Amino acid sequence: MTRLMVTTLCVAVAALSAAPATAADQCAPRADMIKALGEKFRENPTALGVVNPNVIVEVFVSDRGTWTILASDTRGQSCVVSVGEGWESAMTTAALPGT
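Positions -23 to -1, 1 to 76 (mature numbering (1 follows the signal peptide of the UniProt record, and there is no 0)) are the ones given, in order, by the sequence shown.
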């Protein structure tokens, strides 16, 4: 699984570096991507991480469990890394005495 995510992330980073015509189908300005994810899928930002000084990865999730992972660069361009359904957030709860 980790290997697949790293490979997918490398493809997204390469797409961000490619000419706009090459990445046009899966990439767009970040503001447009966020607007579309909110309006079409009701997905909101849930998490983010830094890939390198030029790229961050963001996870958008809806209440229905659909999710999208975007890679965004410092120029404001975002590319879809992966999408799916059935997102579940891990919750950590403290064990209380007697429970």
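Backbone N, C-alpha and C fix where the C-beta goes; we use that ideal spot for every residue, glycine too.
It should be emphasised that the depicted structure is a prediction, and the values quoted were computed from it without experimental measurement.
Given Leu14 as reference, the closest of Ala48, Trp44, Val27, Asn29 once Cα atoms are compared:
Taking the first residue of the sequence shown as 1, we reach residue 14 at position 37. For Leu14, the nearest C-alpha among the options comes from Trp44.
From the DSSP output, in three-state form, read off Ala48 for me.
In the sequence shown, the residue the question calls residue 48 occupies position 71. Ala48: strand per DSSP, three-state reduction.
Between Asp50 and Asn31, which are expected to be in contact by the criterion C-beta below 8 Å, what is the C-beta distance as a whole number of angstroms?
As a first step, residue 50 must be located in the sequence shown, where it is residue number 73. As a first step, residue 31 must be located in the sequence shown, where it is residue number 54. The Cβ separation is near 6 Å, so the contact holds.
With 16 as the cutoff for other CB atoms within 10 Å, does Ala5 come out buried or exposed?
In the sequence shown, residue 5 corresponds to position 28, counting from 1. Ala5 comes out buried.
Which same chain residues end up closer than 8 Å to Glu20 when comparing Cβ atoms and leaving out the 5 residues on each side of it in sequence?
On the sequence shown, residue 20 is found 43 positions in, with the first residue counted as 1. For Glu20, where only same-chain residues beyond five positions count, the Cβ hits under 8 Å are Leu14, Phe37, Val38, Ser39, Thr43, Trp44, Thr45.
Report the partner residues of Ile11 according to the DSSP bridge assignment.
Indexing the sequence shown from 1 puts residue 11 at position 34. None, per the DSSP bridge assignment.
Nonlocal neighbours in the same chain, by C-beta distance under 6 Å from Ser55, ignoring five residues either side
Indexing the sequence shown from 1 puts residue 55 at position 78. Correct list, in chain order: Arg7, Met10, Leu47, Ser49.
Grouping DSSP H, G and I as helix and E and B as strand, with all else coil, what is Glu35?
Taking the first residue of the sequence shown as 1, we reach residue 35 at position 58. Strand at Glu35.
Leaving out five residues before and five after Glu62 in sequence, what residues of the same chain have Cβ atoms less than 6 Å from its Cβ?
Counted from its first residue, the sequence shown places residue 62 at position 85. Non-local beta-carbon contacts of Glu62 in its own chain, meaning distances under 6 Å to residues more than five positions away in sequence, involve Gly42, Thr43 in chain order.
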